[in-house]
Each structure stands twice: as C-alpha cells, then as structure tokens.
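What follows is one structure encoded as structure tokens, with my remarks underneath.
Protein chains: 2
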Amino acid sequence: MATTTTMSEVGEFPLISSIVKDLPMGRAVTLGPGDDGAVFQVDGSVVVSTDVLVEEVHFRRRWSTPTDVGRKAVAVNVSDIEAMGAVPVALVVGFSAPGDLPASWAREFMAGMAGEAEKAGVSLVGGDTTAGPVITIAVSVIGQTAGLAPVRRDGAVPGDEVAVIGQLGLAAAGLVLLGRGFRSPRAAVSAQRCPEVPYGQGRVAAQAGAHAMIDISDGLLADLGHIAEQSGFAIDVTTSALDIAEPVRTVGMATGMDPLTWVLAGGEDHALAATFSPGGVPDGWRVIGRVLPPDEVADPTVLVDGQPWERERGWTHFHS
Amino acid sequence: MATTTTMSEVGEFPLISSIVKDLPMGRAVTLGPGDDGAVFQVDGSVVVSTDVLVEEVHFRRRWSTPTDVGRKAVAVNVSDIEAMGAVPVALVVGFSAPGDLPASWAREFMAGMAGEAEKAGVSLVGGDTTAGPVITIAVSVIGQTAGLAPVRRDGAVPGDEVAVIGQLGLAAAGLVLLGRGFRSPRAAVSAQRCPEVPYGQGRVAAQAGAHAMIDISDGLLADLGHIAEQSGFAIDVTTSALDIAEPVRTVGMATGMDPLTWVLAGGEDHALAATFSPGGVPDGWRVIGRVLPPDEVADPTVLVDGQPWERERGWTHFHS
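Below, the structure is given as structure tokens:
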C-alpha cells in the first residue's frame, strides 16, 4: 500500500540534510550549509532584510503548490534587497511545519526556493527546520551594495518623477479569483501564488541615480506613502499614466469590481517604485506621478489625480 | 476598567515601529530599521545563521517570561556565530503571533531581545511582524570573520584535545524541574528559560587556533558526533573530566535521575565544544576528551570512556 511519508517520520535532521545537499552555491560562498553558519564574501556594505510567510495568512495550501510557496518566499524577500538598489547574494530560511506535513511538500517547497533563488541570482546557504502547528517560513536575504549607495525611502525631493516597474494589481485580482473558486485568467492567479519580481531593476534604478525606492508589497498608495512620509514631501499619482494590465481589466469586468482599486491598493505584486530627477527615469520604468513641492501640498501624503484617495490605500492580506 | 491591548488592536505596523524605535545601533550599522533593508559594514567575510523558536516546541509561555524568550532567541542564534569563531554584528527577527497576544508580551519580548543583543555585542537591525496561530520567532544573525578563518566542524585531527566552555546539562535539568512544577534550583530553571552563552569565547578559540568547533544545542554527544562525522575521526569523551555543576547534581538527587545523562545528552545550554592541538587549549576551557587516530577507532563516532554510549545521545526538545 502506498503511504505518504511525513515530516515526523523523516525527522528534522535528515530532512535538512536532504534539502541542502546538492544546492548550487554562488562563487561568493566559501562555506555552504551544514556547519553552524554559512560563510560568503560581500562587495561593499551588507544589506539585510527578513520576511515571514504564514500559512492561511500569506498563502493557502489549497490555492498554491509547494513550489509556488517556495518561489514566493524567495521573491518577496529578494525584492526588498532590490528596493535598496543592492545586489542579493545569499539567503537563509527558517521553516516550521506540522509533523503530519508530507515530507514531499517540504521537498517541493525547497525545490521552489532553489529555483527562484537561481533566477534571482542568490545562493540558499542555510536553514533551520522545526515542528510547529502551521507552515511558517522566515527568509532572510543578504545583499551587497557593491559600489553604490543604498537607495533609501527618505531621499525623494520635489520635482522628482515617480516611476514603477513590475506588475500592479495582478496579485490582488488573482486573490479575488481564487477566493471565488476561479483559476483563470492564469496570469492573475499565478501572480497571487508567486509574484514576478523585476529582478535586477532595483540595481538599474540605483545606477540611474534613483533618489528613493521601495518595493510595493502593501499597495502602491500605501508604499508610496512611506516614501512621502519619510522624505517629507507629498506625491501625486496620475491614474491616466497607470497601466492596467489586460488580465486585471478582465477580472474587473467579470466581477464588477473597479480594477483601479487593485492597481492602487493591491499588494503582493512586489513591483518597484522609485523617484528620479526629471529625465533620469531608466528604460522600462513607467512614470506615474511626481513629488510635489511643499508650497503646493504641505502634508507629506499621497494624492490621486491631485485629490485625496478615500478608498482603501493598502493591503493587509487575507484573513482566515 | 483595565483592559489588555492585543496585537490585533495595535496592528502590525505600529507595533513594528514602536519596537524598532530607539534601538541602539552599533557603529557598523549605517542604516537601521525602517527601510526595505538595513545596511551595515563587515570586516572580512560574512557568516550567517538562522534559528527558529516555536511556542510549545522550544518554549512555553507559562514557564518563561517574554523577556526570557527574547533573550533566548538572541542567545541561541549568536551562539552559532560564536561557534564559527566569528564576531556577531547584526540580527533580524521574524515574529509571528496570534492576534489576541497581549501587545505587552511582544514589547517585553523585544526588550529581552534588545538586552541580550547588547550583551552579545550585536545590533538588532530589522524585523517582520505578522499574524500566526502560535508565537514563532525566526532570528538570523550575521557576523564577520574579521581576519580569522572560520572554524568549521570538519577540521578535527587525531591527537586533538576536545574542550568545552559554558554550561552542560543545566538546561536539561531545568526542563525536568519545570515539567514537574518546580521552580528551583534557580540556576537550572533559568538556564532552560535562557542559556548563558559564553559570548566571546568562540573568538577566543579561533584566535587560539581551534581546528573544529560547534555549539552544543542538541547535546554534547550529538554535537561532538557532527564534528567526528564531518572530520572523519572518532572522539572519546572522558566522563571523569566532565564538570557536573552543583545544581545539576542537586536535581539528579532530587529526582533520582542520573545527572550524567543531562551533561552528555542534554541540549539547549549552548556551550561551545572545540578541538585544539595538544597544549593549545585556551584558559577557561575544560578538556573533556580527545580525537582518536583511525587505527585506534576507525568509525567516526563518539565514545564515552572508550565505550559506545547506549543511552540517548541528543535532544529533540519537549513535545506538547
């Protein structure tokens, strides 16, 4: 009789070993997994960020494959390093899961992580696996500044053009679809399962001299709000400049909902938003607004077409 | 009427802000919490390690104060950097907790982390807080090699002296006490709540030329087993050389259990074990065994007084 091998049966240590074995390591890594710590070299200063994904808060097993979840765990974290204009180098993962989780789930999850890590150009150098009541994934990514100053949230100045790269509203549209039991349009559903992070574009922005940058995890308005607040200037978003992707429009029409809400307030797409001197916006980035001088709007807030936005500004994940 | 403010009421973002505000940062940190990533400088290569603590697996709220848990989360992680002979620099924390957790618990936990981080000489540079069914804490610590090669597990050679520094068996004795509803001897109970890590001694061992090193998280025999296995040589532990601390003996007598079991197989004390050339053991370290030549014992195992150890070798935490 075929049986499912669970985490409890495999045990904590063999699972870790089987996972870390044969992982490809970047050239910077001088000691990979299997010791008390991993060792690697960095060029310049270190940039670090951490994010936690919890089952039923950030993903659902019935909606996402283990590969999706593994990819997402890498993507959302690397995105933070991109948003600093830095180069991701290495990541570590803390994984806790119930004892009755099929070991195959954990293995496929790790395969997803490994695949996305390769895509993002980062080495998975270590981890810790333990028991817990739900799947909880904590990833920390370490990057290097490699000769460029980190791009912070507080550097926007009046007159800057605000530009974005990556998807907006696609993951939010996908969430609405999954919540109603639909599986298409596929692009939206896939984006909710794992965002397509514009890898390398954070570095492009830094090289272009971006003044401020953030990754859009909570929603365009909410995250631009962080730039506005920390820089001390208002931002005005021009909705006619926003690209509402075709699948987002389709979901809007099918559900009778306004797709602009997803573009402005939907999170989890992990697009990048940055501000540049006029004319300094790199190729491929879309200008969607500008940073206002304080004599025009004194309050460091985010306006939409010059007006306050009365609807939701950001995203707080689904709740079970 | 006095009420308890919960995590749900405070919300995710205000809590993070209130936690990271006013944290002291080391001189190496050029950008602290509050952006997409924190930035700091390292001397030499980067060493990274991650550990996860789950409520009811690694700690119990009825046994430990939030401060204890916060201290422990730092201590067990920094210990891994120490075990590489590196200098801890920065740490990040992923914290997930139920919405009905009193916000004061999270604040006291963070205060515990901050206090232990200061003691360990490491800066708490960032974090992520999210909802989850039980308290889950994932800490990643980043250290620097600062001019010394990392001390790995695989460098032990025949003839080496095996030495330890820090407590052995104290946390295991404390666990037995807590499990039976006792609160003394205090030293044992405290060690279970948060180990006293011998901060700085990993660096001392590296400077003394340690060949191999590990932190004892799973139990002396289990962890020496990793050195033996990865180095390819057997290790013989001499029980008469072991120091059984007075509180460990006391708990043994009170419970009728053999305290040697806790010293050899009890985990969670986060003592350090290392191997050195004969005569090269630093002050304060206790020699407890030696690395055997393959013609004496071919199998890279750990013996106790020259014999196989038939009882448990290591530790897998309590289970609820």
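Residue numbers (the numbering used here), protein chains in the order written: chain A, 1 to 320; chain B, 1 to 320.
Where is the CB? At the ideal position from N, CA and C, for every residue including glycine.
Does the Cβ-Cβ distance between residue i and residue j come in under 8 Å?
{"i": "Ile244 of chain A", "j": "Ile235 of chain A", "result": "no"}
{"i": "Val263 of chain A", "j": "Val287 of chain A", "result": "no"}
{"i": "Ala271 of chain A", "j": "Val164 of chain A", "result": "yes"}
{"i": "Gly209 of chain A", "j": "Ser277 of chain A", "result": "yes"}
{"i": "Phe40 of chain B", "j": "Val29 of chain B", "result": "yes"}
{"i": "Val134 of chain A", "j": "Pro102 of chain A", "result": "no"}
{"i": "Val151 of chain A", "j": "Ala273 of chain A", "result": "no"}
{"i": "Val281 of chain A", "j": "Glu161 of chain A", "result": "yes"}
{"i": "Ala138 of chain A", "j": "Gly94 of chain A", "result": "yes"}
{"i": "Gly44 of chain A", "j": "Gln144 of chain A", "result": "yes"}
{"i": "Gly166 of chain A", "j": "Val197 of chain A", "result": "yes"}
{"i": "Gly32 of chain B", "j": "Leu23 of chain B", "result": "yes"}
{"i": "Ser217 of chain B", "j": "Gly267 of chain B", "result": "yes"}
{"i": "Ala38 of chain B", "j": "Val87 of chain B", "result": "no"}
{"i": "Gly174 of chain B", "j": "Ala191 of chain B", "result": "yes"}
{"i": "Arg62 of chain A", "j": "Glu55 of chain A", "result": "no"}
{"i": "Val251 of chain A", "j": "Leu303 of chain A", "result": "no"}
Can you tell me whether DSSP reads residue i as helix, strand or coil?
{"i": "Arg61 of chain A", "result": "coil"}
{"i": "Gly289 of chain A", "result": "strand"}
{"i": "Glu268 of chain A", "result": "coil"}
{"i": "Glu55 of chain A", "result": "strand"}
{"i": "His319 of chain B", "result": "Residue placement at His319 of chain B cannot be trusted, given a pLDDT of 39 that sits under 50; what the coordinates show is reported in the next sentence. It is coil, neither helix nor strand."}
{"i": "Gln307 of chain A", "result": "strand"}
{"i": "Gly382 of chain B", "result": "An answer regarding residue 382 of chain B cannot be provided, because it is not within the stretch 1 to 320 covered by chain B."}
{"i": "Thr30 of chain A", "result": "strand"}
{"i": "Gly209 of chain B", "result": "coil"}
{"i": "Glu9 of chain A", "result": "helix"}
{"i": "Thr4 of chain A", "result": "coil"}
{"i": "Ile235 of chain A", "result": "strand"}
{"i": "Pro198 of chain B", "result": "coil"}
{"i": "Ala38 of chain A", "result": "strand"}
{"i": "Val302 of chain B", "result": "strand"}
{"i": "Arg193 of chain B", "result": "helix"}
{"i": "Asp43 of chain A", "result": "coil"}
{"i": "Pro278 of chain A", "result": "coil"}
{"i": "Met257 of chain B", "result": "coil"}
{"i": "Val204 of chain A", "result": "helix"}
{"i": "Val297 of chain A", "result": "coil"}
{"i": "Ala173 of chain B", "result": "helix"}
{"i": "Pro150 of chain B", "result": "coil"}
{"i": "Ala187 of chain B", "result": "helix"}
{"i": "Glu229 of chain B", "result": "helix"}
{"i": "Val263 of chain B", "result": "helix"}
{"i": "Ile135 of chain B", "result": "coil"}
{"i": "Ala241 of chain A", "result": "helix"}
{"i": "Asp223 of chain A", "result": "helix"}
{"i": "Pro24 of chain B", "result": "coil"}
{"i": "Pro158 of chain B", "result": "coil"}
{"i": "Asp68 of chain A", "result": "helix"}
Taking the DSSP output, what are the residues bridged to residue i?
{"i": "Thr50 of chain B", "result": "B:Ser140"}
{"i": "Pro247 of chain B", "result": "Pro247 of chain B is not bridged to any residue."}
{"i": "Ala273 of chain A", "result": "A:Val164, A:Ile214"}
My understanding is that residue i touches residue j, with C-beta atoms under 8 Å, so please give their C-beta distance in whole angstroms.
{"i": "Ala156 of chain B", "j": "Ser231 of chain B", "result": "4 Å"}
{"i": "Leu53 of chain A", "j": "Ala75 of chain A", "result": "Leu53 of chain A to Ala75 of chain A, Cβ: 11 Å. No contact."}
{"i": "Ala90 of chain B", "j": "Val125 of chain B", "result": "5 Å"}
{"i": "Met215 of chain B", "j": "Asp68 of chain A", "result": "According to the sequence shown, residue 215 of chain B is Asp rather than Met. Not quite, the Cβ-Cβ distance comes to about 35 Å (not below 8 Å), so this is no contact."}
{"i": "Leu170 of chain B", "j": "Ala188 of chain B", "result": "5 Å"}
{"i": "Val141 of chain B", "j": "Asn77 of chain B", "result": "4 Å"}
{"i": "Ala212 of chain B", "j": "Asp154 of chain B", "result": "7 Å"}
{"i": "Gly127 of chain B", "j": "Val92 of chain B", "result": "6 Å"}
{"i": "Ala222 of chain B", "j": "Arg290 of chain B", "result": "Not a contact, Cβ separation roughly 18 Å."}
{"i": "Arg193 of chain B", "j": "Ser104 of chain B", "result": "About 18 Å; that fails the 8 Å criterion."}
{"i": "Pro158 of chain B", "j": "Pro259 of chain B", "result": "In fact, because the Cβ distance is near 31 Å, the residues do not count as touching under 8 Å."}
{"i": "Asp305 of chain B", "j": "Thr261 of chain B", "result": "About 14 Å separates the two Cβ atoms, so there is no contact after all."}
{"i": "Pro66 of chain A", "j": "Glu116 of chain A", "result": "Contact flag wrong, Cβ pair sits at about 12 Å."}
{"i": "Ser321 of chain A", "j": "Thr136 of chain B", "result": "Within the shown structure, residues of chain A are numbered from 1 to 320, placing residue 321 of chain A beyond reach of any answer."}
{"i": "Leu178 of chain B", "j": "Gly85 of chain B", "result": "Actually they do not touch by this definition, with Cβ atoms about 33 Å apart."}
{"i": "Met7 of chain A", "j": "Ala114 of chain A", "result": "19 Å between Cβ atoms; not a contact."}
When you measure from the CB of residue i to every non-hydrogen atom of the ligand COA, does any distance come out below 7 Å?
{"i": "Ala245 of chain A", "result": "Because no ligand of any kind appears in the structure shown, any question about the ligand COA cannot be addressed here."}
Uninterrupted beta strand (DSSP E) stretches inside the segment 70-123 of chain A (no shorter than 3 residues): 87-97
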